[in-house]
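Engineer: Residue numbering for the sequence shown follows our numbering, beginning at 17 and increasing consecutively.
Yeah, the Cβ is synthetic: ideal placement off N, Cα and C, and Gly gets one too.
Just so it is clear, the structure is predicted and the values come from calculations on it, not from any experiment.
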Amino acid sequence: MFVIELLEAADIDLHRADLLALLTDAVNGGASVNFIAPLSPKIGHNFWDKVRGEVADQTRVVLAAVDKTQAHGQIIGCVHLALATTPNGTHRAEVQKLLVHSQHRNKGIGGALMEAAESRARTLGRSLLVLDTESGSPAERLYQRQGFVRSGIIPQYALNHTGTYLIDTVIYYKLI
C-alpha cells in the first residue's frame, strides 16, 4: 500500500537515503532523467541538495509515493513540478523526474503520482503543464494515458543514459 505525500525541504533530508536510492535505480536502469549511468553518490547528493533548496524557495514541488507497509515509510516513487516564476509564466509548471523504483513498477504508482501532480498544480493556480521525455520510452505511453498532448519532437536532444549516443525527446503539454 502506498500514499502520495508532499515533501517539504526537511523531508528531503529525512528521506535522503530513499531518494538517492530511487534516483540511482532510475538512472542505472536506463531512465533518461538528465544523468549518465552509473550515477555517483556525490552527483546524486548534489542533485537532492539543489532540489531541497528549490523546495525551500517554493520554486519546486516534490510529491512522493510512500510505501506504508515499511516501518519507516519507504519512498518508492516521486514526481516534481518546477514552477515557472517569470511574470508571464506563473500559470505553468514543468513536470520533471517522474521516478518509480523498478521493484514497484506497473502497480499504478506513476499514474497516481501524475494525478497528484496535476491536482497540486491546480491548487497552486497553474493551468498548463509541460514535460519532455525520451521518444518511445514507457513514460511516453503513461503521459498519453494521462491526457498529455504531443506537441513535437526534438531530434538528438540529449545523450542516452550511458552517454553513448544521442536520443530524441518529445514535448508534451496538458491544459488543466
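Considering only the beta carbon of each residue, do ILE260 and SER151 sit closer than 8 Å?
Structural biologist: Nothing about residue 260 can be read from this structure; the chain reaches only from 17 to 192.
Engineer: Using a Cβ-Cβ cutoff of less than 7 Å, which residues in the same chain neighbour ALA128 once the five nearest sequence positions on both sides are dropped?
Structural biologist: Residue numbering aside, residue 128 sits at position 112 when the sequence shown is read from its first letter. Excluding residues within five positions, the ones whose Cβ falls inside 7 Å are ILE20 and ALA81.
Engineer: Take PRO54 and list the residues in its own chain whose beta-carbon comes closer than 6 Å to its own, dropping the five residues that flank it on each side.
Structural biologist: In the sequence shown, residue 54 corresponds to position 38, counting from 1. ASN44.
Engineer: Does DSSP put ILE192 in a helix, in a strand, or in coil?
Structural biologist: Here residue 192 corresponds to residue number 176 of the sequence shown, with the count starting at 1. If DSSP states are grouped into helix, strand and coil, ILE192 belongs with coil.
Engineer: Buried or exposed, going by whether 16 or more other CB atoms sit within 10 Å of the CB of LYS84?
Structural biologist: Translated into positions along the sequence shown, residue 84 becomes position 68. By the 10 Å Cβ count, LYS84 comes out exposed.
Engineer: Return the Cβ separation of VAL71 and ALA109 in integer angstroms, given the expectation that the two are a contact with Cβ distance under 8 Å.
Structural biologist: Stepping through the sequence shown from its first residue, residue 71 is reached at position 55. Stepping through the sequence shown from its first residue, residue 109 is reached at position 93. So it is not a contact: roughly 14 Å between Cβ atoms.
Engineer: Suppose the cutoff is 7 Å on Cβ atoms and the five residues either side in sequence are ignored; what does the same chain contact list for GLY46 look like?
Structural biologist: Numbered from 1 along the sequence shown, position 30 holds the residue referred to as residue 46. Counting only Cβ-Cβ distances below 7 Å, and skipping sequence neighbours, we find HIS177.
Engineer: Whole alpha helix (DSSP H) runs in the segment 49-114 with 4 or more residues, listed along the chain?
Structural biologist: Counting only runs of 4 or more residues that sit fully inside the segment 49-114, the alpha helix (DSSP H) segments are 57-72, in chain order.
Engineer: Just tell me which of ALA42, PRO154 and LYS190 has its CA closest to the CA of GLY163.
Structural biologist: Here residue 163 is taken as the residue at index 147 of the sequence shown, counted from 1. Out of ALA42, PRO154 and LYS190, LYS190 has the C-alpha closest to the C-alpha of GLY163.
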